[in-house]
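To start, the structure itself, in C-alpha cells.
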Amino acid sequence: MKKNLFKLSFIFVFIVLFGIAGQAKAEEPVAIHISASTLSPFDGATTTISVSQFDPVAFGWIPASNATIDFGWGATTTDING
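What follows is the structure, given as C-alpha cells:
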C-alpha cells in the first residue's frame, strides 16, 4: 500500500510540475501567417519565406521558430526569426 501511495504521489508531483512548466500541455491550434519576399521569382532566384504565429497574449504576430516548410523537394525549418 505504501509503495502504491508513493508511486501515485510521485506521479502527481511530476504531472503538476510539468503542467506548471507548460511541458505537459497538449498542442493547441495556432493561427499562422506565411509571407514570401518575392511572389513570382525568376528561375534560380532566392526567395525568403517568413512564418509568423498569432500570440494571443501580446495580441499580435510573432516569428514562428521551428516551423517546418516542405515544398516537396526538401523540408527546411525556420530559425528564431521565423
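No gaps in the numbering here: position 29 of the sequence shown is 441 in the working numbering, and each next residue is one more.
Yeah, the Cβ is synthetic: ideal placement off N, Cα and C, and Gly gets one too.
In the three-state reduction of the DSSP assignment, G456 falls in the coil class, being assigned neither a helical nor a strand state. Taking each of W473, S464 and V469 in turn and checking the Cα distance to A479, the smallest one comes out for S464. Straight through space, the alpha carbons of A457 and W473 are spaced by roughly 27 Å. Going by DSSP, S464 is part of the beta strand (DSSP E) stretching over I461 to D467. Within the same chain, and ignoring the five residues on either side of T450 in sequence, the residues whose Cβ sits closer than 6 Å to its Cβ are T459.
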